[in-house]
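Notes for the one structure printed next.
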Amino acid sequence: MIEQDRQISEVIAKERSRLRNFIRRRVPNEADVEDLLQEVFYELVEAHRLLMPIDFVTGWLFRVARNRITDLFRKKKPENFTDAAMGGEDGELLEIEDLLPSPDAGPEALYVRGVLLDELELALAELPTEQREVFIAHELEGRSFKELSAESGVNVNTLLSRKRYAVLHLRERLRSIHDEFMKK
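Just so we're aligned: the sequence shown equals residues 557 to 740 in our numbering.
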């Protein structure tokens, strides 16, 4: 038993710095970093106490750390993040900026904003070119359908339809990431 306790102490001493840096890159609040680090090591000690087999301790520690970081961000919901399924009377999404946490709302909100923007970029890349161009021009650049129609020669109703299909795809594609951050 003393030998196993010594092994746990060695693992903690060896991995503490790497694990702290891993958490610090994802969690800006230093107090939260220390709390998460302690939680991860507590889980290691508990797993050892309960005789749970852990084949790759380092990988296990980082997986537990990732899970604890996710839990932290779920508990601390960012301000200004509204329901992604919420739309206007015509069924279109509210402005993108209204759906993202404010970059001034703190480090956690900034992290969530970055993750959501990365996911939005990936989801936009999946759209057919015409849908993507209309969505970006209208939602992100703030251009009117009338202006887009005059410029491209495409009927306004066609542009509206393309945007509608883009919105439906993006809602479906981004729902899971939204739900992940909105869990309590």
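Virtual Cβ for every residue (Gly too), placed ideally from N, Cα, C.
- Judged by beta-carbon spacing, LEU592 lies within the 9 angstroms limit of ARG624, meaning their Cβ atoms are closer than that value.
- GLU736 is not a Cβ neighbour of ARG576, given a cutoff of 9 angstroms.
- The C-alpha of GLN563 lies about 22 angstroms from the C-alpha of PHE578.
- Assigned with DSSP and collapsed to three states, LEU683 falls in coil, not helix or strand.
- Setting aside the 5 residues that flank it on each side, GLU682 is surrounded in the same chain by HIS725, ARG729, each with a C-beta closer than 8 angstroms to its C-beta; the list follows chain order.
- One Cα belongs to ARG580, the other to SER565, and the distance between them is close to 22 angstroms.
- Counted as a single uninterrupted DSSP element, the alpha helix (DSSP H) harbouring ASN623 occupies residues 613-631.
- Proximity to SER732 across SER717, LEU607, LEU676, TYR667 peaks at LEU676, based on C-alpha coordinates.
- Between VAL690 and ARG718 the beta-carbon gap is near 4 angstroms, inside 8 angstroms, which marks them as a contact.
- As the crow flies, the alpha-carbon of ARG582 is around 20 angstroms from that of GLU599.
- Linking THR685 to LEU673 through their CA atoms gives a straight-line distance of about 19 angstroms.
- For HIS604, the enclosing alpha helix (DSSP H) stretches over residues 586-605.
- DSSP places GLY670 within a helical segment (H, G or I) once states are collapsed to three.
- Judged by DSSP secondary structure, ALA706 falls within the alpha helix (DSSP H) whose first and last residues are 701-708.
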